[in-house]
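Novice: Have a look at this one before I ask anything.
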Amino acid sequence: MQQKVYEGRAAVLKALGQPTRLQILDLLKEGERCVCEIFPAINQEQANVSKHLSILKQAGILESRKEGLRIIYRIKSPEVLELLEGVSRLLKKQVREQERIYSNLS
């Protein structure tokens, strides 16, 4: 049973481990969007963005709904944004630590 938990965590983290997908999530934290709005906003081809959206959806990070011919995507759960904020805090802490180390060298 515990192995399934680790596999689930790994699947979510793997889906998040790609810069384009992080750009998509950063855009979607402002609200739901259609693919037609996402791909020009992040300067990527529509087919490429659609593939990334599919991966994020399969990982349970995004959900979608149809609106006429358009598919609208949104973040499924705010916990993913909390996770990304935690990563940002970790990176800021690492940068501060490196700055402290370098300042002690001079």
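Position 5, counted from 1, in the sequence shown is what this note's numbering calls 7; the numbers after and before it change by one each time, with no gaps.
Backbone N, C-alpha and C define an ideal beta-carbon position, used for all residues, glycine too.
All values derive from a computational prediction rather than experimental measurement.
1. Suppose you measure from the CA of Ser-52 to the CA of Ile-74; what does that come to, to the nearest Å?
2. Near Cys-36, which residues of its chain fall below 6 Å by C-beta distance, leaving aside the five closest residues on each side in sequence?
3. Which residues bound the beta strand (DSSP E) around Lys-68?
4. So, are the CB atoms of Ile-77 and Lys-31 less than 8 Å apart?
5. Pair every Cβ in the stretch 39–52 with every Cβ in the stretch 5–17, then say whether three or more of these pairs are closer than 8 Å.
6. For the alpha helix (DSSP H) holding Gly-57, just list the boundary residues, first then last.
Specialist: Short version:
1. So the two alpha carbons sit approximately 11 Å from each other.
2. If we look at Cys-36 and ignore the five residues flanking it on each side, its Cβ neighbours are Arg-72, Ile-74.
3. Element bounds for Lys-68: 64–69.
4. Contact flag set, yes.
5. Contact check between the stretch 39–52 and the stretch 5–17: fewer than three CB pairs, one atom from each, fall below 8 Å, which does not count as touching.
6. Sequence inspection shows Ile at residue 57; the Gly mentioned does not correspond to that position. Taken as a continuous stretch (DSSP letters only), the alpha helix (DSSP H) holding Ile-57 covers 48–60.
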